[in-house]
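**Q** Chains E and G, in that order, give the protein sequences. Residue numbering for the first sequence is 1 to 259, as defined by this note's numbering. Residue numbering for the second sequence is 1001 to 1259, as defined by this note's numbering. Before anything else, here's the structure in question.
Number of protein chains: 2
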Amino acid sequence: MYQKLLRQHETVKNCLCVGLDPDLDKLPDWYPKSVDGVLHFLLDVIEATQDKCLAYKPNISFFEGLGLDGLHLLKALCNEIPDHIPIIMDAKRGDIGNTSRMQAAFIFNTFKADAITVNPLMGYDSVEPFLEHKNKWVFILGLTSNSGSNDIERQRLQSEKSVYEHIITLGNTWSEKHPNLGFVIGATHDELPTIRKQTHLPFLIPGVGAQGGTYSHALAGADKNGICLINVGRQLLYGGEGRITPALLQERICTILGQ
Amino acid sequence: MYQKLLRQHETVKNCLCVGLDPDLDKLPDWYPKSVDGVLHFLLDVIEATQDKCLAYKPNISFFEGLGLDGLHLLKALCNEIPDHIPIIMDAKRGDIGNTSRMQAAFIFNTFKADAITVNPLMGYDSVEPFLEHKNKWVFILGLTSNSGSNDIERQRLQSEKSVYEHIITLGNTWSEKHPNLGFVIGATHDELPTIRKQTHLPFLIPGVGAQGGTYSHALAGADKNGICLINVGRQLLYGGEGRITPALLQERICTILGQ
Chain E
1 MYQKLLRQHE TVKNCLCVGL DPDLDKLPDW YPKSVDGVLH FLLDVIEATQ DKCLAYKPNI
61 SFFEGLGLDG LHLLKALCNE IPDHIPIIMD AKRGDIGNTS RMQAAFIFNT FKADAITVNP
121 LMGYDSVEPF LEHKNKWVFI LGLTSNSGSN DIERQRLQSE KSVYEHIITL GNTWSEKHPN
181 LGFVIGATHD ELPTIRKQTH LPFLIPGVGA QGGTYSHALA GADKNGICLI NVGRQLLYGG
241 EGRITPALLQ ERICTILGQ
Chain G
1001 MYQKLLRQHE TVKNCLCVGL DPDLDKLPDW YPKSVDGVLH FLLDVIEATQ DKCLAYKPNI
1061 SFFEGLGLDG LHLLKALCNE IPDHIPIIMD AKRGDIGNTS RMQAAFIFNT FKADAITVNP
1121 LMGYDSVEPF LEHKNKWVFI LGLTSNSGSN DIERQRLQSE KSVYEHIITL GNTWSEKHPN
1181 LGFVIGATHD ELPTIRKQTH LPFLIPGVGA QGGTYSHALA GADKNGICLI NVGRQLLYGG
1241 EGRITPALLQ ERICTILGQ
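Here's what the structure looks like:
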């Protein structure tokens, strides 16, 4: 996965991860509001962005929201994404060990994903079955981009660290055995540069666009020298009513990248 | 959901929740090791337990482990579970608000589940979309049954509470607006009676059987006067090679209940 990412970064020279989150309510009018319409829409998005982005991040829940047909659509879509572009499946999975093993099989085998997001609340034995897939990448939730991150993630432990900083420390330790680990860190927070100093592991950064973060802020805070994945979903996919074209998405990408 | 639970409790007079976790490697030899074989097996389990248990808890990941066919199987299975028996979908979902909404639609609409398990790490706005389904029940992870619960859940906050106790407090607060909330508390821990004193909300208790907890210990610690859901999966489903019969499962249930 990391080699794939490096090669694609050499080609596109940006850290843009395109969030593939189909929402029937936001689909441009040009596309039928159906599972077929969504597939057509997303294939147009991939056609228009495949030489302009570092990776794709489908959030499996948006496909689940379309029922079982939506998951068949996701499988078909993943088959259409060119092999050289990494697929990060945003699934926020994690359970006791034998269950996490099933989840890993589902995400990595059925959809041929290169990476997955995992919720680390249940601890090491809930994350390790994903990490054991050595050719895949596992991004555990660190500090998420939503307001609810105050409820638990930002609570301060007796060690003076917040829960999310404790997760960064855990992840650093876990990565000694399993280097295929990274963190999800929301772009909406000011702590991004501080968190960057606490780990050398890669970041997947959601929260740009509709959630209020900016690409340039995320990039400045993440790692100018290394590679991070800055996810943009709604700001890139929605907002027009016509068919998605390469020119339209090129314009939106330039706006996002600040070029 | 709660009325359904009360009525079924009057009938069966126990707190047994049957965990439906299909595992091809453990399937009795009598059943073909295929998706059809799994369906046959689980239908036999339901036939044999429907007048002896309080609820069913399929863990969706074990069905996902069978690929997309496994999810079609889960849908067919949920349709076969008698309407008067609650279905708790063990899914450990949770994401930012608009995504959690999709997850809730998937679990509650596609599978007609009466309840779901949710991972609360991302905080209130990640849990609320599930709670907004007023006729459904939402069990958030409190203290899970695995060893990894030491890594984050048991870490102590500056308030002297552990993270899981903080989650209990949060859940108590959230339940003022949304009373359809409960907690997942593992049967493998000694703290069960202590946690019981910290909240009046219902418990879903995994960890009995293969993970080392016992039904009687869980029941004693949970709430003798109220209702809790004590989940037994592997200990009930697996261990023989022949066809599942009502007599066989009656015997296993008596062993589990200590009768």
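Just so you know, even glycine gets a beta-carbon here, dropped at the ideal spot from N, CA and C. All figures in this text were calculated on a predicted structure; none of them were measured in a lab.
(1) Are any of the Cβ atoms in chain E nearer than 7 Å to that of G/E1191?
(2) Going along chain E, which residues have a C-beta under 9 Å from G/P1120?
(3) The beta strand (DSSP E) spanning G/K1092 covers which residue range?
(4) Tell whether a beta-carbon distance below 7 Å holds between E/E64 and G/F1106.
(5) Closest by CA to E/G19, which one among E/D90, E/R101 and E/T194?
(6) Pair every Cβ in the segment 1021 to 1034 of chain G with every Cβ in the segment 1204 to 1215 of chain G, then say whether three or more of these pairs are closer than 8 Å.
(7) Name the residue from E/G171, E/R243, E/G221 and E/V127 whose alpha carbon lies nearest to the alpha carbon of E/I46.
(8) Using C-beta distances below 8 Å, list every residue in its chain close to G/G1209, excluding the 5 sequence neighbours before and after it, in chain order.
(9) Is E/F111 near E/C78, with beta carbons less than 7 Å apart?
(10) Would you mind listing the alpha helix (DSSP H) stretches within the segment 1180 to 1247 of chain G that are 4+ residues and don't spill past its ends, in chain order?
(11) Out of curiosity, what's the CA-to-CA distance linking E/H9 and G/H1178?
(12) List the residues of chain G that E/H166 touches, going by C-beta distances under 8 Å, in chain order.
(13) Taking G/P1086 and G/M1001 to be in contact with their CB atoms under 8 Å, please state how far apart those CB atoms are, rounded to whole angstroms.
(14) Does G/A1055 come out as helix, strand or coil in the three-state DSSP assignment?
(15) Starting from E/T117, trace the beta strand (DSSP E) both ways and give me its first and last residue.
(16) Over what stretch of residues does the alpha helix (DSSP H) that includes E/F41 continue unbroken?
(17) What residues in the segment 59 to 88 of chain E bring their beta carbon closer than 7 Å to a beta carbon of chain G?
(18) Give the range of the beta strand (DSSP E) segment to which G/V1137 is assigned.
(19) Within 10 Å of its beta-carbon, does E/A187 have 16 or more other beta-carbons around it, so buried, or fewer, so exposed?
(20) Out of G/G1067, G/L1066, G/L1042 and G/L1068, which has the shortest C-alpha to C-alpha gap to G/Y1056?
(21) Let me know the secondary structure DSSP gives G/L1157 once reduced to three states.
(22) Can you name the residues of chain E whose CB is closer than 7 Å to the CB of G/D1095?
(23) Going by CA-CA distance only, name the one from G/L1005, G/V1012, G/H1072 and G/T1011 that's closest to G/V1035.
(24) List, in order along the chain, the chain G residues whose C-beta lies closer than 7 Å to that of E/M102?
(25) By the DSSP assignment, the beta strand (DSSP E) with E/L20 in it spans what residues?
(26) Can you find a C-beta in chain G that's less than 7 Å from the C-beta of E/F139?
(27) Run down chain E in chain order and give the residues with a C-beta less than 7 Å from the C-beta of G/D1125.
(28) Use the C-beta contact count for E/L229: other C-beta atoms within 10 angstroms, 16 or more gives buried, fewer gives exposed.
(29) By the DSSP assignment, the alpha helix (DSSP H) with E/K260 in it spans what residues?
(30) Using a 10 Å radius around the Cβ and a threshold of 16 neighbouring Cβ atoms, would you call E/G212 buried or exposed?
(31) Along chain E, in chain order, which residues have C-beta atoms closer than 9 Å to that of G/T1110?
(32) So, using beta-carbon positions, are G/N1119 and E/L121 closer together than 7 Å?
(33) Can you find a CB in chain E that lies within less than 7 Å of the CB of G/L1201?
(34) Whole angstroms are fine: how far does the CA of G/I1168 sit from the CA of G/F1183?
(35) Please confirm whether E/I96 and G/N1150 have their CB atoms less than 7 Å apart.
(36) Identify every residue that forms a DSSP beta bridge with E/S61.
**A** Quick answer:
(1) On the second sequence, residue 1191 of chain G is found 191 positions in, with the first residue counted as 1. With its beta carbon at least 7 Å from every one in chain E, G/E1191 lies outside the interface.
(2) As a working mapping, residue 1120 of chain G is identified with position 120 in the second sequence. From the beta-carbon of G/P1120, the residues of chain E found nearer than 9 Å are L121, G148, D151 and I152.
(3) In the second sequence, residue 1092 of chain G corresponds to position 92, counting from 1. Segment I1088 to R1093, the beta strand (DSSP E) holding G/K1092.
(4) As a first step, residue 64 of chain E is located in the first sequence; it is residue number 64 there, counting from the start. As a first step, residue 1106 of chain G is located in the second sequence; it is residue number 106 there, counting from the start. Taking a C-beta distance under 7 Å as the contact criterion, E/E64 and G/F1106 qualify as a contact pair.
(5) As a first step, residue 19 of chain E is located in the first sequence; it is residue number 19 there, counting from the start. It is E/D90 whose Cα lies nearest to the Cα of E/G19.
(6) Fewer than three pairs of CB atoms, one per stretch, sit closer than 8 Å, so the segment 1021 to 1034 of chain G makes no contact with the segment 1204 to 1215 of chain G.
(7) Working through the first sequence from its first residue, we reach residue 46 of chain E at position 46. The option with the nearest alpha carbon to E/I46 is E/R243.
(8) Against the second sequence, residue 1209 of chain G aligns to sequence position 209. The residues are V1232, G1233, R1234, Q1235, L1236 and I1256.
(9) Taking the first sequence and counting its residues from 1, one reaches residue 111 of chain E at position 111. Taking the first sequence and counting its residues from 1, one reaches residue 78 of chain E at position 78. Taking 7 Å as the Cβ cut-off, E/F111 and E/C78 qualify as a contacting pair.
(10) Within the segment 1180 to 1247 of chain G, the complete alpha helix (DSSP H) runs of at least 4 residues are 1192 to 1196, 1215 to 1222 and 1234 to 1237.
(11) Taking the first sequence and counting its residues from 1, one reaches residue 9 of chain E at position 9. Taking the second sequence and counting its residues from 1, one reaches residue 1178 of chain G at position 178. When rounded, the separation of the alpha-carbon atoms in E/H9 and G/H1178 is 46 Å.
(12) What you label residue 166 of chain E is simply residue 166 of the first sequence in a count that begins at 1. Proximity of chain G to E/H166 at the Cβ level (cut-off 8 Å) is accounted for by I1152 and Q1155, in chain order.
(13) What you label residue 1086 of chain G is simply residue 86 of the second sequence in a count that begins at 1. What you label residue 1001 of chain G is simply residue 1 of the second sequence in a count that begins at 1. Right, the Cβ-Cβ distance comes to about 6 Å (below 8 Å), so this counts as a contact.
(14) As a working mapping, residue 1055 of chain G is identified with position 55 in the second sequence. G/A1055: strand per DSSP, three-state reduction.
(15) The sequence position of residue 117 of chain E within the first sequence is 117, counting from 1. Annotation for E/T117: the continuous beta strand (DSSP E) segment containing it runs A115 to V118.
(16) By 1-based counting over the first sequence, the position of residue 41 of chain E is 41. First-last of the alpha helix (DSSP H) with E/F41: V35 to T49.
(17) Here the close residues are N59, S61, F62, E64, G65, G67, L68, L71, H72 and K75.
(18) The sequence position of residue 1137 of chain G within the second sequence is 137, counting from 1. Here residue 1137 of chain G turns out to be Trp, not Val, going by the sequence shown. Boundaries of the beta strand (DSSP E) around G/W1137: W1137 to L1143.
(19) Position 187 of the first sequence, counted from the first residue, corresponds to residue 187 of chain E. With 16 or more other Cβ atoms inside 10 Å of its own Cβ, E/A187 counts as buried.
(20) By 1-based counting over the second sequence, the position of residue 1056 of chain G is 56. Minimum Cα distance to G/Y1056 is reached at G/L1042.
(21) As a position in the second sequence, residue 1157 of chain G is number 157, starting the count at 1. DSSP places G/L1157 in strand when its eight states are reduced to three.
(22) Reading the second sequence from its first residue, position 95 is the one you call residue 1095 of chain G. By Cβ distance, chain E contributes S61 and K92.
(23) In the second sequence, counting from the first residue as 1, residue 1035 of chain G sits at position 35. Selected option, being the one with the closest Cα: G/H1072.
(24) Start at 1 with the first residue of the first sequence, and residue 102 of chain E comes out as number 102. Here the neighbours are S1061, F1062, E1064 and G1065.
(25) Translated into positions along the first sequence, residue 20 of chain E becomes position 20. Note, E/L20: beta strand (DSSP E), L16 to L20.
(26) Translated into positions along the first sequence, residue 139 of chain E becomes position 139. Output row for E/F139: interface = no.
(27) To locate residue 1125 of chain G, count along the second sequence from 1; it is residue 125. Chain E residues near G/D1125: N146, S147 and G148.
(28) Position 229 of the first sequence, counted from the start, is the residue given in the question as residue 229 of chain E. The residue in question, E/L229, is buried, as its Cβ has 16 or more Cβ neighbours within 10 Å.
(29) Outside the modelled stretch of chain E, which goes from 1 to 259, sits residue 260 of chain E, for which no answer is possible.
(30) To locate residue 212 of chain E, count along the first sequence from 1; it is residue 212. Exposed.
(31) One-based indexing of the second sequence puts residue 1110 of chain G at position 110. The contacting residues are E64, G67 and L68.
(32) The residue labelled residue 1119 of chain G in the question sits at position 119 within the second sequence. The residue labelled residue 121 of chain E in the question sits at position 121 within the first sequence. Yes. Within cutoff.
(33) Translated into positions along the second sequence, residue 1201 of chain G becomes position 201. Not closer than 7 Å to any Cβ of chain E, the Cβ of G/L1201 fails to qualify, so no.
(34) Here residue 1183 of chain G is taken as the residue at index 183 of the second sequence, counted from 1. Here residue 1168 of chain G is taken as the residue at index 168 of the second sequence, counted from 1. So the alpha carbons of these two residues sit roughly 8 Å apart.
(35) Here residue 96 of chain E corresponds to residue number 96 of the first sequence, with the count starting at 1. Here residue 1150 of chain G corresponds to residue number 150 of the second sequence, with the count starting at 1. For the 7 Å CB-CB criterion, E/I96 and G/N1150 do not form a contact.
(36) Counting from 1 along the first sequence, the entry for residue 61 of chain E is found at position 61. None, per the DSSP bridge assignment.
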